[in-house]
Structure formats: structure tokens, C-alpha cells
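J.:
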Amino acid sequence: MSRYAQLAYTDSVQRFQAEQGSAAANARRLGGDSERDLITANEAAFIESRDGFYLGSVSETGWPYVQFRGGPPGFVHVLDEHRLAFAEVRGNRQYISDGNIRADGRVSLFFMDYARQARLKLFGRASLMDTSDELHERLMSTRTDGRVERLVLIEVEAFNWNCPQHITPRFTADEVRQYVSALHAEIASLREQLKGT
149 MSRYAQLAYT DSVQRFQAEQ GSAAANARRL GGDSERDLIT ANEAAFIESR DGFYLGSVSE
209 TGWPYVQFRG GPPGFVHVLD EHRLAFAEVR GNRQYISDGN IRADGRVSLF FMDYARQARL
269 KLFGRASLMD TSDELHERLM STRTDGRVER LVLIEVEAFN WNCPQHITPR FTADEVRQYV
329 SALHAEIASL REQLKGT
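Under our numbering, the first residue of the sequence shown carries the number 149, and numbering increases by one thereafter.
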């Protein structure tokens, strides 16, 4: 039933699952067709609400590489039920992810919502496009600050929502400000009440 499981549960993974006694529980995820997963409104809303994600790529020598990509919520654009894209801005100029993508476009993305203990894992095939591509204008509407060097398009193969069990809640500075502002308002109100007594 899960395209994600069909890609992730390799022979060696299934052997390990059998050794650990979880093969039967995981086997039901392997059935069904092998069509690509479709991004629904639920996944699109989650992706576009994130201010960052982890991007995993693989080198020609087989070594994985994981890097964080960040920007304002919505900098990753859901183009349709199969595709995501974002504008790649200049960073430390090592270009490890981009070099890996050029050699082997298979990528894994992790979108995290630490505050609500939710995560979305995604497998896809990435390609690099120059800024003259027709997507350029759309991706400029919400993007990371900095000099745009290229566009990254990801054809989604599969995704999976993870359980929240081991996600440590963390909050962004904006989320903390939202929570604390209500406390500041209540403190100010109480101070005013005390002045009247």
C-alpha cells in the first residue's frame, strides 16, 4: 500500500525486520501498485508552512550527504501533485548537494514541525535548472534571501508521515514570541488591576 515502503524496504531492510520480529507488521505496507504517491492538500499545506527542511543526497561513491535548507514559510513551492521546487541561493559555495544531484538525482527530504511533533519524509528525483526557466517568476514570490543561483525541481516518488513518538518539541523564535506575547498582555492587565487597588 505504500510506495515509500516499496522504495525503503530493500532486501537487507526486510531481512533486518525479520531478525527483529517486525517483518509481518511491515509486510502489509509493501502490497499494492507501485505508482508514485500524490501530494494532497494536507501534504502541500504542511510543506508550504515549513521554514526549512533537511535534504539528503548521495555521492557517486555512495556516501550520503544531508544539508539543511531554510527560508520563509512557503519557500518550498508545491507546484502540483507530483512536484516541488525552490530557488537555490548562494551559500558556502561547496556545492556538495548540487554536485550529488547532478550525478544522481535521488534525494530524500525531511520536513519537520518540532512544535507539533510532526514530520513528513519524502523520496524524490531532483534536477537543477538555471534561473531562466519558466518557473523562475513563480519561485521568486516566496524565497530565501540571497543571490539565487539556480532552481531545484523535485519529482516526488513517495512520502510517509512519521509517528511523533521521539520528536522533541522545539519552538522557533516567532512561535515563542506568539506564546509569550499573550503572557505579557496578561501581566500588563494584572498590573493595571493592581494599580486600582
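Ideal Cβ positions, reconstructed from N, Cα and C, are used throughout, including at glycine.
Which word fits ALA306, buried or exposed, when buried means at least 16 other C-beta atoms lie within 10 angstroms of its C-beta?
T.: It is buried - the Cβ of ALA306 has at least 16 other Cβ atoms within 10 Å.
J.: Distance, Cα to Cα, ALA330 vs GLY200?
T.: The straight-line gap from Cα to Cα measures roughly 26 Å.
J.: So who's on the other strand from GLN215, going by DSSP bridges?
T.: Beta-bridge pairing links GLN215 to LEU203.
J.: Could you tell me which of ARG177, LYS269, MET288 and SER337 sits nearest to ALA192, measuring between CA atoms?
T.: Of the candidates ARG177, LYS269, MET288 and SER337, the one whose C-alpha sits nearest the C-alpha of ALA192 is LYS269.
J.: Going by Cα to Cα distance, which pick from TRP309, SER256 and TYR152 is closest to PRO212?
T.: Per the Cα distances, SER256.
J.: For VAL324, name the three-state secondary structure that DSSP assigns.
T.: VAL324 falls in the helix class under three-state DSSP.
J.: When DSSP builds the beta bridges, which residues end up paired with SER275?
T.: DSSP lists LEU301 as partners of SER275.
J.: Could you name each continuous beta strand (DSSP E) segment of 3 residues or more that falls completely within the segment 216 to 256, going from the start of the chain to the end?
T.: Runs of the beta strand (DSSP E) inside the segment 216 to 256: 231 to 237.
J.: For VAL296 and THR279, what's the separation of their Cα atoms in angstroms?
T.: Looking at the two C-alpha atoms, the distance is approximately 8 Å.
J.: With three or more C-beta pairs closer than 8 Å as the rule, is the segment 223 to 240 touching the segment 283 to 296?
T.: Taking 8 Å as the limit for Cβ pairs, the verdict is that the segment 223 to 240 does touch the segment 283 to 296.
J.: Can the beta-carbon of GLY253 be found less than 9 Å from the beta-carbon of ALA274?
T.: The answer is yes: Cβ separation under 9 Å.
J.: Which whole-angstrom value describes the C-beta separation of PRO317 and ALA263, a residue pair presumed to lie in contact below a C-beta threshold of 8 Å?
T.: Indeed, because the Cβ distance is near 6 Å, the residues count as touching under 8 Å.
J.: Is ASP281 helix, strand or coil by DSSP?
T.: Of the three classes helix, strand and coil, the one that applies to ASP281 here is coil, per DSSP.
J.: I'd like to check one pair, TYR202 with PHE271: are the Cβ atoms closer than 9 Å?
T.: Not a contact, by the Cβ cut-off of 9 Å.
J.: I'd like the list of long-range same chain contacts for ARG291, defined as Cβ closer than 8 Å, with 5 residues on each side in sequence excluded.
T.: Taken in chain order, the residues that qualify are GLY219, PRO220, PHE223, PHE234, ALA235 and VAL237.
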